[in-house]
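Chains as they are written, first to last, in the working numbering: chain A, 1149 to 1473; chain B, -12 to 253; chain C, 540 to 820. Idealized CB from N, CA, C, for every residue including glycine.
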Amino acid sequence: MTHRIVTRLLQAAAVCAVVAGAVFVLLQCAPGDPFATALEGGDIPATVRAEWRARYGIDRPPAERFVRWAGALARGKLGYSASRHQTVAAVVSDAVPRTLLLVGTALILGFALGMGIALLQTKHHRRRIDRALGVLTLGGVAMPEFLLALLAMTWLGARWRLFPVAGIGSLGDVQAFPWWERAADGLWHLTLPASVLAVTVAARVARHQRAALLGVMHEDYIRTARAKGLAEWAVLWRHALPNAIGPVIALLGLALPSLIGGAVLIERIFGWPGMGLTLFDALLARDYPLVLAAVLLATVLAVVARTLTDFIAELVAPRRAREPL
Amino acid sequence: MTPLLSVDGLQIDVSATGDAAAKPILRDVTFAVNAGETVGLLGASGSGKTSLALALLGLLPPALSARGRALFDGHDLIAMPDHVRRGLRGRRLSMVFQEPLTALNPRLRVGAQVAEVAHAHGERDARRAMRAAVDMLDRTGLHEADARARRYPHELSGGERQRVLLAMALLLDPALLIADEPTSALDVTVQAQVLQLLCAQQRERGMALVLVSHDLGVIATTCVRTLVVHDGRVVEDAPTRQLLAAPEHPQTRALVDAVRPRRRIA
Amino acid sequence: MTPHAWRRLMDDRPAVLAAAVLTTAAVVSLLAPWLAPYDPTVQPDPVALRLIGPSVQHPFGTDPFSRDVFSRVLYGARVSLGVAFGAMLLSVSLGAALGALAAVLGGWVDLAISALVDILIAMPRLLVVIALVATFGTLSPWWLVALIGGSGWLTTARIVRGEFRDHLNRDYVLAARALGATRWRIVWQHLLPAVAPQIAVAAALALAAVIPLEAALSFVGLGIQPPLPSWGNILLDGTDYLTSAWWLVVFPVGAVTMTVSAALVLADRLRVAIAGEERAP
């Protein structure tokens, strides 16, 4: 078991290292350098420009710059964001928790909802409710998250005014309100974006869980459980589900990168100030250090989450329990 | 004396929409089982005998459907709603299956799986249920039942697993036990032990036993009466001794000859 | 897949329906210049024809620039599906080639390719493409095809590598080698045909992944640039009017959802057909 943990951690570290390297390379390829916008427009003499560049080590050879950059990265220094007039680290430390909140809520809600749908479908297999839910989950998987977000925003948000369409809070001067009002307001703003993401998660979970459950329902021990006089829901819950849940958790881990990609778009659409929105604003402002830091962090997040889900899957459904004598 | 189980004109069809004119798996099945009787269901593979057992418990796969009547305790098993039948399963009417390894949930400890029968029929006290389960496992001859009860199915031998299944079936003292090829998946030496156990339990409880098998030897040692199933029909219904001595149907004769050749070969 | 399996597939209603939807979409997009009632980029009357709801003259309404949405959706199909099919073909071919190389050559080639796959698969594809587009500036549709296609070979490579390795252990390959067949002959004559159904499934799934990706990129302004229409940028053009002009949202969303659903259903039915073959050939 420890061997597997170490392997997984090494793998995760390798991925992060490669991504960091790729990000650095892209940084170099980006037209202009961080000082392009600040220094080019204007009558700043060439010598001053050269001096600034030397100060920041931009004129050194790429290999040396990478080492320095990686070192700075390891120490948590991600560079300076010209568009926000803050260090990238400062921008990011505000934004990352918000993205985590969004994605985390969506995952939990979506998983629970998807599980419920799958159980319902399995219990009423081949009947109308199974087919109807099947069509719904297909739509949920087929419709890209950002389109669902647009629809939700257009109808639930703007037209019917049930939920706010943008931002993280509508209270204005935050300190003037008690914490529970702030929390409630935050929750109200979280609802639409998290729900949209949750629907995407639920649709995928439901489809895979249903397939896994139906695969298990043919096993002999299900027949034994019924022969004991167990009610159908008890058969599903105690016997079918534990044996069918493993592949779904592992699959969730594999789907996490695309979920985070989707979250990025949703943040943009709903104006949720997490890593996604930061990314897009930075793109518009050609703030490359921020752009690439955002990409790097999102990937790291995906890697960490995937490693975690792999571990959880191994815990919940160990692959070794079934060796016969 | 009214029979415990009275089957009348039972028919099992393939209900899938494909073949409307398909041959039924079983038809015109009529027989009775009295309380405390031991009846054997003898037939080759594919003769429909397992389907008969499953139909009585209401466990037919969705592709098959049953018609006719099967009166148990005065109620028709075929016609009754599923939740009523569920109340009977495991309590008054039990079944033991053929493959002990796959018939047990690989992720649950065996003791818990046996205790589950009690929970399914209303036992709320977890400790009492588990004690009853361990006690039952002990009575089915499982050594160190206490320790074994905490094991997983893959940690037990084939014979031990079959005992677990038997304990599950007998926990609530059913009036009728159906055993579907209970020894076919076991080693020969273990087979004899399990059969002995089956007979002992049957005698001790005065329980009715229906033993489904393709092996006449197995049936001959355990059952007083035998029904022969061939090609979807019951072709003979007679005391076992009589069947062995003077089989009427050619299929029966073939099966008897397989066990006791009439002419010596060497 | 045997001819018998093909015939069974043709009886499979969902599969046929899905294939029909995709074929119709492809045909319609190719015939767009003849089917579209108006030129999608012309703005005939910037004031009078702005934002009209669906009508007989404009079945899908008009957009904020007075352009006919129906024509834009048709031409957009050309672009969106064109990019999607192109990217799908690229990623599937690339993935199949790399997977085959990894399986057949083995050794460090296999190690390198597998490690690469394991690393890259952790990166959110959307972000990778965004990062690339951001770095190199906005792109022509061809570059878009290259970027999107080039980022999607991972799953196909895994599938092909797995299948190849499985088949390489089978007796018929051993027999072929005993008869003197070279590795490449075995690959072309035996392995690729055997793996073709799986590759078809991967292709359908790739299509289902790429269509939304292009739409997303175009929607945020990083993909197909206006005035060239794509399903994504029809939505972009209408962002300020989405609440009042529902037709700007519903039709592009419907088009995307329909094609992606069809691709997913097709992939699913193909998979079922393949599994059926394996159980009872």
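For Gly625 (chain C), the enclosing alpha helix (DSSP H) starts and ends at Val608 to Leu644. Burial check for Ile1277 (chain A): the Cβ neighbour count within 10 Å stays below 16, so the residue is exposed. The closest CA to that of Gly128 (chain B), considering only B:Gln188, B:Leu159 and B:Asp63, is found on B:Gln188. Residue range Arg220 to Pro226 is occupied by the beta strand (DSSP E) that includes Pro226 (chain B). Between Met(-12) (chain B) and Ala19 (chain B), the alpha-carbon positions lie close to 12 Å from each other.
When C-beta distances to chain A are compared with 7 Å, the residues of the stretch 83 to 109 of chain B below that value are Phe84, Glu86, Leu88, Thr89, Ala90, Leu91, Asn92, Pro93, Arg94, Glu103, Val104, Ala107 and His108, in chain order. Within the DSSP bridge table, the entry for Gly27 (chain B) names B:Leu198 and B:Thr213 as partners. Within the same chain, Cβ atoms closer than 8 Å to the Cβ of Val1383 (chain A) are found at Ile1370, Ala1373 and Arg1374, the five residues on either side in sequence being excluded. Put simply, the CB of Val560 (chain C) is far from chain A, with every gap to its CB atoms at 7 Å or more.
Beta-bridge analysis with DSSP links Tyr1228 (chain A) to A:Thr1235. Inter-residue distance for Asp607 (chain C) and Val699 (chain C) is about 44 Å (C-alpha atoms, whole angstroms). When C-alpha distances from Val1344 (chain A) are compared across A:Leu1295, A:Asp1333, A:Gly1264 and A:Val1353, the shortest belongs to A:Leu1295. Interface criterion not met: the Cβ of Phe1172 (chain A) is under 7 Å from no Cβ in chain C. Its chain contains Ile(-1), Ser38, Leu41 and Ala53 as the residues whose beta carbon lies nearer than 8 Å to that of Leu47 (chain B), once the 5 sequence neighbours on both sides are disregarded; these appear in chain order. With a 10 Å radius around the Cβ and a threshold of 16 neighbouring Cβ atoms, Tyr711 (chain C) comes out exposed. Under the 10 Å beta carbon count, Glu1329 (chain A) is surrounded by fewer than 16 other beta carbons and is classified as exposed.
For Asp0 (chain B), the enclosing beta strand (DSSP E) stretches over residues Leu(-8) to Val1.
Shown here, Ala233 (chain B) sits in coil according to DSSP, grouped into three states, outside any helix or strand. Restricted to the stretch 662 to 733 of chain C, the alpha helix (DSSP H) segments that are unbroken, complete and at least 4 residues in length are 664 to 675, 680 to 689, 693 to 707, 710 to 717 and 722 to 725, listed in chain order.
Shown here, Gly762 (chain C) sits in coil according to DSSP, grouped into three states, outside any helix or strand.
Pro553 (chain C) is positioned such that its CB atom lies closer than 7 Å to that of Arg808 (chain C).
DSSP, reduced to helix, strand and coil, places Asp657 (chain C) within a helical segment of the structure shown. Segment contact: the stretch 102 to 110 of chain B against the stretch 62 to 81 of chain B, three or more CB-CB distances shorter than 8 Å; contact assigned. At a cut-off of 7 Å between beta carbons, Arg192 (chain B) makes no contact with chain A. For chain C, the residues of the stretch 1376 to 1406 of chain A that bring a beta carbon within less than 7 Å of one of its beta carbons are Pro1405 and Ser1406, in chain order. Val631 (chain C) is positioned such that its CB atom lies closer than 7 Å to that of Ala742 (chain C). Assignment of Asp578 (chain C) by DSSP, reduced to helix, strand and coil, places it in the coil class. In terms of beta-carbon proximity, Thr674 (chain C) lines the interface with chain A, with at least one pair separated by less than 7 Å. Counting of Cβ neighbours within 10 angstroms places Ser568 (chain C) among the buried residues, the total reaching 16 or more. Here the alpha carbons of His70 (chain B) and Ser200 (chain B) stand approximately 29 Å from one another. Fewer than three pairs of CB atoms, one per stretch, sit closer than 8 Å, so the stretch 110 to 120 of chain B makes no contact with the stretch 1400 to 1408 of chain A.
By the C-beta criterion, the stretch 599 to 616 of chain C is judged not to be in contact with the stretch 717 to 731 of chain C, since fewer than 3 inter-stretch pairs fall below 8 Å. Rounded to whole angstroms, Ala616 (chain C) and Gln764 (chain C) show a C-alpha spacing of 15 Å. Look at the beta carbons and you see the stretch 654 to 663 of chain C touching the stretch 1157 to 1177 of chain A: at least three pairs across the two are nearer than 8 Å. Taking CB atoms only, Met627 (chain C) has no neighbour in chain A less than 7 Å away. Chain C has no Cβ within less than 7 Å of the Cβ of Val1448 (chain A).
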